[in-house]
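J.: Numbering (the UniProt record's numbering), first residue to last: 1 to 277.
#1: For the stretch 32-45 and the stretch 247-263, state whether three or more C-beta atom pairs, one from each stretch, are separated by less than 8 Å.
#2: Quick test of the definition: if touching needs 3 or more C-beta pairs under 8 Å, does the stretch 262-276 touch the stretch 236-245?
#3: List in chain order: all unbroken beta strand (DSSP E) runs of 3+ residues lying wholly within the stretch 185-258.
#4: For residue 119, count neighbouring Cβ atoms within 10 angstroms of its own Cβ and tell me buried if that reaches 16, exposed if not.
#5: In terms of residue numbering, what span does the alpha helix (DSSP H) encompassing residue 278 cover?
#6: Taking the continuous beta strand (DSSP E) assigned at residue 14, which residues delimit it?
#7: Can you check the stretch 85-172 for any beta strand (DSSP E) of at least 3 residues that lies completely inside it and give the ranges in chain order?
#8: Just the C-alpha distance for residue 281 and residue 241, rounded to the nearest angstrom, thanks.
#9: Assign residue 268 to buried or exposed, taking buried as 16 or more other Cβ atoms, counted over all protein chains shown, within 10 Å of its Cβ.
#10: In the DSSP assignment, find the alpha helix (DSSP H) that holds residue 32 and state where it starts and stops.
#11: In whole angstroms, what is the alpha-carbon distance linking residue 144 and residue 11?
#12: Is the Cβ-Cβ distance between residue 132 and residue 176 less than 7 Å?
#13: In angstroms with no decimal places, state the Cα-to-Cα distance between residue 270 and residue 90.
#14: How about residue 283 and residue 124: are their beta carbons less than 7 Å apart?
#15: Secondary structure at residue 63, three-state DSSP: helix, strand or coil?
#16: Are there 16 or more other CB atoms within 10 angstroms of the CB of residue 1, so buried, or fewer, so exposed?
#17: Would you mind giving the Cβ-Cβ distance between residue 230 and residue 209, rounded to the nearest angstrom? I have them listed as a contact below 8 Å.
#18: Roughly how many whole angstroms lie between the Cα atoms of residue 86 and residue 254?
#19: Could you tell me which of 135, 158, 141 sits nearest to residue 147, measuring between CA atoms?
#20: Assuming contact is defined by CB atoms lying nearer than 7 Å, are residue 63 and residue 57 in contact in what I supplied?
#21: What is the DSSP secondary structure of residue 1, counted as helix, strand or coil?
#22: Which residues mark the beginning and the end of the beta strand (DSSP E) in which residue 53 is found?
#23: Pick helix, strand or coil for residue 180, following the three-state DSSP scheme.
#24: Based on the DSSP secondary-structure assignment, which residues constitute the bridge partners of residue 8?
#25: Taking the alpha helix (DSSP H) that residue 43 falls in, what are its first and last residues?
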């Protein structure tokens, strides 16, 4: 069993790192923290250097100033890579982390080796946008766990919730313990930035995978397909019968998808380097 001790960057970002090989950075969703990636850390670290960190306002990382833009979250990742002396990395973002990964790809393309966007949002409908704005207002009034029960129902299958009550209770507690201002600042971005620089997505030139679950109601297969259409050469994967938290509920299935993508992407890059050399 892999046991890791969290470390910090000079700016205070809390992160875990393990494994050897090409670096892969994992970015969690809003209200969660780096611990959500336990299954991926175990599954990917046999072949890759895996780094998971707490987003601004989450876990043990610093709280963002009110009104911090999405670029501020991309800058947090840049500082982490600089601290680790990594010229490039493949970035895997889940949900809100997918928005951060997209922003990083647009602002710092020279630092990106590959991009994976899991269960994330793009081009919400008016109805979808209204729903997430309403949840933002509830969080502002009642705190980070205002929508906890509804969120868990969207995130997990009923079977998984029933079979894993301790884990579900721990997640409920994680939501409740979020810093209110840090959570709200992040959630407001999650609610409003799904089309962030959408017109520039065609500039992303690295291997890209966009994936979601067939039954994910907030990060739908149609969103994944529309996002992938904007990124040259991007691959789409829709995992059958999976809901939003598929990295947690079905880690082996998700790891299989990620390892196949990572192995193929790095093989292509090595081939290109060989041709150039």
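The C-beta atom is built at its ideal place from N, Cα and C for all residues, glycine as well.
T.: So, from the listed chains and residues:
#1: yes
#2: no
#3: 208-213, 235-239
#4: The residue you call residue 119 lines up with position 119 of the chain shown. So residue 119 counts as buried.
#5: Residue 278 is absent from the structure shown; the chain starts at 1 and stops at 277.
#6: Counting from one through the chain shown, the residue named residue 14 turns up at place 14. It spans 14-18 - the beta strand (DSSP E) in which residue 14 sits, taken as one unbroken run.
#7: 89-94, 112-118
#8: Since the displayed the chain opens at 1 and closes at 277, residue 281 lies outside it and no answer follows.
#9: The sequence position of residue 268 within the chain shown is 268, counting from 1. Looking at its Cβ environment, which holds fewer than 16 other Cβ atoms inside 10 Å, residue 268 is exposed.
#10: Counting from one through the chain shown, the residue named residue 32 turns up at place 32. Where residue 32 is concerned, there is no enclosing alpha helix (DSSP H), given that its DSSP letter is neither H nor E.
#11: Here residue 144 is taken as the residue at index 144 of the chain shown, counted from 1. Here residue 11 is taken as the residue at index 11 of the chain shown, counted from 1. So the two alpha carbons sit approximately 24 Å from each other.
#12: Taking the chain shown and counting its residues from 1, one reaches residue 132 at position 132. Taking the chain shown and counting its residues from 1, one reaches residue 176 at position 176. It is not a contact, given that the beta carbons lie outside the stated cut-off.
#13: Along the chain shown, one-based indexing puts residue 270 at 270. Along the chain shown, one-based indexing puts residue 90 at 90. Spanning the two alpha carbons is a distance of roughly 14 Å.
#14: Because the chain spans 1 through 277 in this model, residue 283 falls outside it and cannot be assessed.
#15: Looking up residue 63 in the chain shown gives position 63. Here residue 63 sits in coil by DSSP.
#16: Taking the first residue of the chain shown as position 1, residue 1 is located at position 1. Caution is warranted here: a pLDDT of 48 is assigned to residue 1, below 50, making its placement in the model unreliable, and no coordinate value can be reported.
#17: For the purposes of this step, residue 230 is taken as the residue at position 230 of the chain shown. For the purposes of this step, residue 209 is taken as the residue at position 209 of the chain shown. At roughly 14 Å, the Cβ-Cβ gap does not stay under 8 Å, so residue 230 and residue 209 are not in contact.
#18: Locating residue 86 in the chain shown gives position 86, where the first residue counts as 1. Locating residue 254 in the chain shown gives position 254, where the first residue counts as 1. Roughly 25 Å between the two C-alpha positions.
#19: Here residue 147 refers to the residue found at position 147 when the chain shown is read from its first residue. Considering only alpha carbons, the answer is 135.
#20: Translated into the one-based positions of the chain shown, residue 63 becomes position 63. Translated into the one-based positions of the chain shown, residue 57 becomes position 57. It is a contact, given that the beta carbons lie within the stated cut-off.
#21: Here the question's residue 1 lines up with position 1 in the chain shown. Confidence at residue 1 is low in this model, with a pLDDT of 48, below 50, so its placement is unreliable and the value that follows should be read with caution. It is coil, neither helix nor strand.
#22: Along the chain shown, read from residue 1 onward, the residue named residue 53 stands at position 53. Counting along the chain, the beta strand (DSSP E) containing residue 53 begins and ends at 49-53.
#23: The residue given as residue 180 occupies position 180 in the chain shown. In the structure shown, residue 180 sits in a helix (DSSP, three-state: H, G or I).
#24: Locating residue 8 in the chain shown gives position 8, counting from the first residue. BP columns for residue 8 point to 14.
#25: Within the chain shown, numbered from 1, the residue matching residue 43 stands at position 43. Its alpha helix (DSSP H) spans residues 38-44.
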